[in-house]
Structure formats: C-alpha cells, structure tokens
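**Student:**
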Amino acid sequence: MFLCNSGAEANENAMKLASFQNGKKKVIVFTGSFHGRTSLAVAATDNPNLRAEINKTDNIIYCDLNDKSKIENIFSREEISSVLIEGIQGVAGIKSADIEYWNFLRDITNKHNALLIADEIQSGYGRTGKFFAHSFTDVKPDIITIAKGMGNGFPMGGVLISPVINSKIEMLGSTFGGGHLACVAGLTVLDVIQKENLMKNARKSGEYLIGKLKKLNNVKEIRGKGLMLGIEFNADTQKIRNTLLNDYKIFTGISWDKKTLRILPPLNVKKSELDIFIKSLEKTLKSCTDTDSR
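So for the sequence shown, the working numbering puts the first residue at 4; every next one is plus one.
1. At which residue ranges does the segment 75 to 122 contain complete beta strand (DSSP E) runs of 3 or more residues, listed in the order of the chain?
2. Have a look at Lys215, Tyr104 and Ile168 and flag the residue whose alpha-carbon is nearest the alpha-carbon of histidine 137.
3. Are threonine 60 and alanine 46 close, meaning C-beta to C-beta below 7 Å?
4. Do leucine 118 and alanine 13 have their C-beta atoms within less than 7 Å of each other?
5. CB-CB under 6 Å to glutamine 92, same chain, minus the five flanking residues each way: which ones, in chain order?
6. Whose C-alpha, out of Ser165, Cys186 and Thr140, is nearest the C-alpha of phenylalanine 157?
7. If contact is defined by three or more beta carbon pairs under 8 Å, each pair taking one atom from either stretch, is the segment 142 to 153 in contact with the segment 106 to 122?
8. Exposed or buried, which one is serine 72 when buried takes at least 16 other CB atoms within 10 Å?
9. Closer than 8 Å by C-beta to lysine 151: which residues in its own chain qualify, once you throw out the five before and the five after it? Chain order, please.
10. Can you tell me the Cβ-Cβ gap for glutamate 121 and isoleucine 88, rounded? I've got them flagged as a contact below 8 Å.
11. Quick one: what's got a C-beta closer than 6 Å to glycine 96's C-beta in the same chain, skipping five residues either side?
12. How would you label histidine 38, buried or exposed, when you count the other beta carbons within 10 angstroms and need 16 or more for buried?
13. Nearest-angstrom Cα distance between asparagine 220 and glycine 90?
14. Here's the rule: buried if 16 or more other CB atoms are within 10 angstroms of the residue's CB, otherwise exposed. What is leucine 228?
15. In its own chain, which residues sit with a C-beta less than 8 Å from the C-beta of threonine 41, not counting the 5 before and 5 after it?
16. Quick one: using the 10 Å Cβ neighbour count with 16 as the cut-off for buried, is valine 192 buried or exposed?
17. Under a three-way DSSP split, which group does tyrosine 128 fall into?
18. List the whole-angstrom C-beta distance separating isoleucine 102 from isoleucine 31, where the pair is believed to meet the contact cut-off of C-beta under 8 Å.
19. Straight-line CA distance for isoleucine 164 to lysine 19?
20. Straight-line CA distance for threonine 240 to glycine 209?
21. Could you tell me if methionine 4 is buried or exposed, where buried requires 16 or more neighbouring beta carbons within 10 angstroms of its beta carbon?
22. By how many angstroms is the C-alpha of proline 268 removed from the C-alpha of glycine 26?
23. Distance, Cα to Cα, leucine 248 vs asparagine 169?
24. Nearest to lysine 217 by CA position, among Met174, Lys207, Glu285 and Gly161, is which residue?
25. On the DSSP letters alone, give me the boundaries of the beta strand (DSSP E) that threonine 263 sits inside.
26. Measuring alpha carbon to alpha carbon, tell me which of Met153, Ile279, Lys282 and Pro51 ends up nearest isoleucine 196.
27. Can you tell me whether glutamate 298 is helix, strand or coil according to DSSP?
28. Where does glycine 214 land, buried or exposed, given buried means 16+ other C-beta within 10 angstroms?
29. Between which two residues does the alpha helix (DSSP H) harbouring valine 272 extend?
30. Report the option in Met231, Glu235 and Lys203 whose CA atom is closest to the CA atom of alanine 223.
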C-alpha cells in the first residue's frame, strides 16, 4: 500500500506504477470518467474544460464504457500499460460497467501484459453496500485507488498494490502521505464502518430508497448501488436541485448528465431521513411540474 493525500495523487501514482511494471505508457480510460484534476489524472478525466495545454497527451486513449470491440482494436495496435476504470462512474451520472465487461477487461489486460486499475475513490469504503464497487464482480484488479471516504473528510488517499507487481522503495513518494494524524483518521474510519455496520446500512438504505423512488412520477431510471445512486429524469434537473436546496435544505450532487441527480447520503443515514428526502423530492417534482405547465 502507498499512502498519499488525495484521489488525484492516488491515480497519478497508480498509472506511474503500472508503467514502471511493464515499461509501457498508454492508458485506456472511459467516456464520462473523472480521475482527478492534476497532470495525467486530468488527462484521464473526460472534461476538456479542466485540461490546460500542458495536460494534453497522446498517452491517454478514451473508449466508451462496455464497448469490447474498440478495446480489442486498441490493444491490437497500441502498447497499453493499463486500463483505468471507476468502480461506478460518479460525475458521469452513476454509470457502471457490466459484470461481463469487468471479466473482459481482466482477461484482455492479462493477455497483453497490461494492468487493470480500479478507481474506487468515490465508490469505495462501503458506499455501495460492499467495501468496493468492483466486489460485485469476481474480478481482482492489479491496483485499487482509494481516497474520499478513507479519511471521512481528512485529506487522505492510497494505492492498494497487488503482490504480483514488482514495487520497490523510492518508486513512489509523497511528502505528507501516511502522516500520523491521517493514519489515525483512516484507522478510525475503518473501525466505525465495522462497529456500526455501515456497509449493511448502505445496502439496506439503498434498497429502501430505490423502492420509494420507483413510485415517483417523472423518474425515468434509477442507477447505482447502495448509497451511490443516480436518478434520471426526462428533463434537466437544475430546477429540481435548486428547489431541494432552497426550499428543503437538501443538497444533491450534480452530474455531467444534466438529467441525472446524484444521491450520496452519509453511510449512517437513518430511514426517517430518507423519508424526509422522498417527501421533499415528491413535493419538488409536483411544484416543478405545476410551474412548467403554466
């Protein structure tokens, strides 16, 4: 394990470590991805507005999620160092690779001496009802990147490294990574997750929330697992988000998919609090519909 300070730093070092391992430099990432705002991490983030000229590189190759043929084509003509994929895409609007696709990525990276990197920065630490989102599959990545929930608000990130990787001292480094205070925060988070059964609560709360959301009008699709959910509507969600925030003091996450609300409650959320959200959302949808019909 390599400890650092953020998700971006974790992803930077994961891609660097993969390149150390196989001597190759190209990385496959996916449409809608978000991996950070620094150097190679922002090049691997599917938003040109975040990239300065210095961040642009030919070493990052984009592919649509769940597209097998393009991946096969890329591997046939490029020397690929790694494939970097989020457990669940967050900013894209809560979108996931199929289980079959995870298996496909594991097989093709093994075949071509490339590494599979799972970015669990947003989807990890119990948010989906399992410790990692990729744990809903049987796939074991070579590298897993973690942050966000790892320190419960304290700046902390990490790179989990498979024993098959020939890592050495001084390959990676960080001035403040693994500081005493950060480690205490990280250990406390793990202790609380276990003692308060937060993964079970995330799973059960997610099931309850999905059941309630399915009964609402104007909901087109519900995506995600546990307490990492995306609610897709038939129209832009800006008015819905503003009403929830201004009238009910409920903050929801934005998405690059303008028709999707991201729902990311704390893992210890109570059923009564979920009911408040559902009632507030129901009233919001009604008021927005009434306004639009005038």
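For every residue, glycine included, the Cβ atom is placed at its ideal position computed from N, Cα and C.
**Tutor:** Considering the structure as presented:
1. 83 to 89 and 118 to 122
2. Tyr104
3. yes
4. no
5. Gly35 and Lys98
6. Cys186
7. yes
8. exposed
9. Gly10, Ile124, Gln125, Gly127 and Tyr128
10. The question names glutamate, but residue 121 in the sequence shown is alanine. Indeed, because the Cβ distance is near 6 Å, the residues count as touching under 8 Å.
11. Gly233, Ser258, Asp260 and Thr263
12. buried
13. 29 Å
14. Residue identity differs from the one stated: residue 228 is lysine in this sequence, not leucine. By the 10 Å Cβ count, lysine 228 comes out buried.
15. Ala11, Glu12 and Glu15
16. buried
17. coil
18. About 19 Å separates the two Cβ atoms, so there is no contact after all.
19. 12 Å
20. 21 Å
21. exposed
22. 41 Å
23. 49 Å
24. Glu285
25. 263 to 266
26. Met153
27. No answer is possible for residue 298: it lies beyond the span of the chain, which begins at 4 and ends at 297.
28. exposed
29. Careful: valine 272 lies outside any alpha helix (DSSP H) and carries neither H nor E.
30. The sequence as given places lysine at residue 223; alanine does not occur at that position. Of the candidates Met231, Glu235 and Lys203, the one whose C-alpha sits nearest the C-alpha of lysine 223 is Glu235.
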